[in-house]
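In terms of numbering that gives the first Met the number 0, the sequence shown has 52 at position 53, counting the first letter as 1, and numbering is strictly consecutive.
Have a look at the structure below before the remarks.
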Amino acid sequence: MATIGLPPVRKRGYYGRLVGEEALGGMLAHIPRIFDFSVEVLEATNLTFSFEGPWLSGTHMLFTADPRNIHHILSLNFGNYPKGPEAKNIFNALGDRILSADMELWENLRKSNHAIFQHPDFLKLSVLVSSNTIKLKESLIPFLDNAADEKTIIDLQDVFKRFMFETSSILMTGYDPMSVSIGMPEVLFDEAVETGRDTTSSVLTWFFWLLSKHPQVLTKIRKVINTKYDPTDLEKLVYLHAALSETMRLYPPLPFNHKSPAKPDVLPRNPISSKIVGMTTSSSEIPRNIPRKM
0 MATIGLPPVR KRGYYGRLVG EEALGGMLAH IPRIFDFSVE VLEATNLTFS FEGPWLSGTH
60 MLFTADPRNI HHILSLNFGN YPKGPEAKNI FNALGDRILS ADMELWENLR KSNHAIFQHP
120 DFLKLSVLVS SNTIKLKESL IPFLDNAADE KTIIDLQDVF KRFMFETSSI LMTGYDPMSV
180 SIGMPEVLFD EAVETGRDTT SSVLTWFFWL LSKHPQVLTK IRKVINTKYD PTDLEKLVYL
240 HAALSETMRL YPPLPFNHKS PAKPDVLPRN PISSKIVGMT TSSSEIPRNI PRKM
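This is the structure we're talking about:
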């Protein structure tokens, strides 16, 4: 088995640099595990490194997972760090949605989405509640019961991805693709629901994996959800909410956040100049530096 190590990292004061063809080649070699690779480089470079692509490529980005830098970018000086045109191009297929929106439009979408999800009538949508309940009873639970009876190893993330695709399809089009069933038929997923489907399935996968590692948490959650409550009273499930939040902190479904500084700025731990055209903050590394007990 061949092991490909990290590309050469040049030191520039406090943080490191990945430069030129060697840097690009090193990153391309790790594409199948790019998130783990990024974390390894961050750990080797004091949580911040500069990536400079080959000459004339115009690629110059700064990656940081330092909590002080991220607090500065996403809170203290938030107005100076829009997502920038690069992020807009990457998520162009999504249109002006919250993932690709910037600044004032992003703020307006965030407020409107929050208002919708918090509205008491939202959870009263019979089609939303009934379709999810029916799919749980008729497809997901029987599938998992069969896997347990047959002692079959399953890809839990694929199962949740299919389940989210089904519920989204029913809600938006009224069509049930029946993708979660014994035998797991091949289904062509619609990339239009890629964002919600993949992020939710990722969170659920890590959530149940953590529950398997912390049975005492599972016991507490089961005790809470087995108590009779109205579906509109989900805010009362404080412990479940905390467990899901901790899951997303430890294993964020969107581990990178692309920003482009509007004006030159100085980060708390690392300098940044006007030559930096892109910046990526990594939330996947933060949990390693701020450990908590679940």
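Where a beta carbon is used, it is the ideal one built from N, C-alpha and C, also for glycine.
Can you tell which of the options has the C-alpha that lies nearest to the C-alpha of residue i?
i, options, result
"E42", "Y238, D65, F50, M26", "D65"
"G52", "T63, M26, I72, N45", "M26"
"T44", "T63, G83, T58", "T63"
"T47", "I69, H213, F162", "I69"
"F207", "G83, L243, M163, T58", "L243"
"T204", "I181, S167, K219, K160", "K160"
"H118", "E234, G83, V40", "E234"
"T199", "K212, Y238, Q156, L239", "Q156"
"D154", "S201, K136, P252", "S201"
"N131", "P267, S167, Q215, L236", "S167"
"V179", "R109, L139, D148, V216", "L139"
"F162", "V216, L143, A147", "L143"
"L209", "L239, A146, H59", "L239"
"I181", "P214, D197, L217, E137", "E137"
"D197", "V158, R268, P214, R67", "V158"
Could you give the residue range of the alpha helix (DSSP H) that holds residue i?
i, result
"N68", "66–70"
"V40", "33–43"
"V223", "214–224"
"M247", "237–249"
"P141", "140–148"
"F164", "155–172"
Where does residue i land, buried or exposed, given buried means 16+ other C-beta within 10 angstroms?
i, result
"Y80", "buried"
"H113", "exposed"
"E165", "buried"
"K134", "buried"
"V265", "exposed"
"K150", "exposed"
"I169", "buried"
"I72", "buried"
"P84", "exposed"
"L253", "exposed"
"S272", "Any reading at S272 is ruled out, since the residue's pLDDT is 45, under 50, leaving its predicted position unreliable."
"S211", "exposed"
"S37", "buried"
Taking only beta-carbon positions, decide if residue i is within less than 8 Å of chain D.
i, result
"N131", "The chain labelled as chain D is not found in the depicted structure, where only one protein chain is given."
Is the segment 253–263 in contact with the segment 66–82, if contact means three or more CB pairs nearer than 8 Å?
-> Counting Cβ pairs under 8 Å, three or more are found: they touch.
So, do the segment 28–48 and the segment 243–253 have three or more beta carbon pairs nearer to each other than 8 Å?
-> Below 8 Å, too few C-beta pairs join the segment 28–48 and the segment 243–253 to call them touching: fewer than three.
Any 3 or more C-beta pairs closer than 8 Å across the segment 208–227 and the segment 162–178 = With contact defined as three or more Cβ pairs closer than 8 Å, the segment 208–227 and the segment 162–178 are not in contact.
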